[in-house]
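Student: Pasting a structure below so you can have a look.
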Amino acid sequence: MTNPALLRRFFDDEADDYVRRTLLAEAARRETGRREFTFNVVDVLLDFDARTVTLSDVLTAGTELELPLDDFLARLRASRQR
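Shown next as structure tokens:
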């Protein structure tokens with residue numbers, strides 16, 4: 001994890017109900033492959049083969065963060081319960 005501020009910004013500013021539902025639905029459908037999503041300021045790459053998620057800041061070149069897929073999905077699920 002190289003940029004925890006990007007993760008915080010994604011969950012604070014980007015992960016509304018639509019984004020959470022979209023990402024969780026994709027995770028429920030897939031076991032293999034990769035799927036990329038473009039949102040307002042953060043691109044999300046779900047890599048089911050590597051079991052990772054990569055967040056990329058579209059406004060700041062070279063700013064990205066990779067984390068375990070299961071951790072990311074757990075945080076998505078928890079964030080909608082707030």
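Residue numbering for the sequence shown follows full-length UniProt numbering, beginning at 1 and increasing consecutively. Just so it is clear, CB atoms sit at the ideal spot from N, CA and C, and this is done for glycine as well.
Please confirm if the segment 41-56 is in contact with the segment 20-31, defined as three or more CB-CB distances below 8 Å between the two stretches.
Tutor: Taking 8 Å as the limit for Cβ pairs, the verdict is that the segment 20-31 does touch the segment 41-56.
Student: Where does the unbroken alpha helix (DSSP H) through Thr22 begin, and where does it stop?
Tutor: Segment Asp17 to Arg29, the alpha helix (DSSP H) holding Thr22.
Student: Among the candidates Gly62, Ala61 and Glu66, whose CA atom is the shortest distance from the CA of Leu55?
Tutor: It is Glu66 whose Cα lies nearest to the Cα of Leu55.
Student: Would you call the CB atoms of Glu64 and Asp57 closer than 8 Å?
Tutor: Yes, they are a contact pair.
Student: What do you get for Phe37, buried or exposed, if any count of 16 or more other CB atoms within 10 angstroms of its CB means buried?
Tutor: Per the 10 Å Cβ criterion, exposed.
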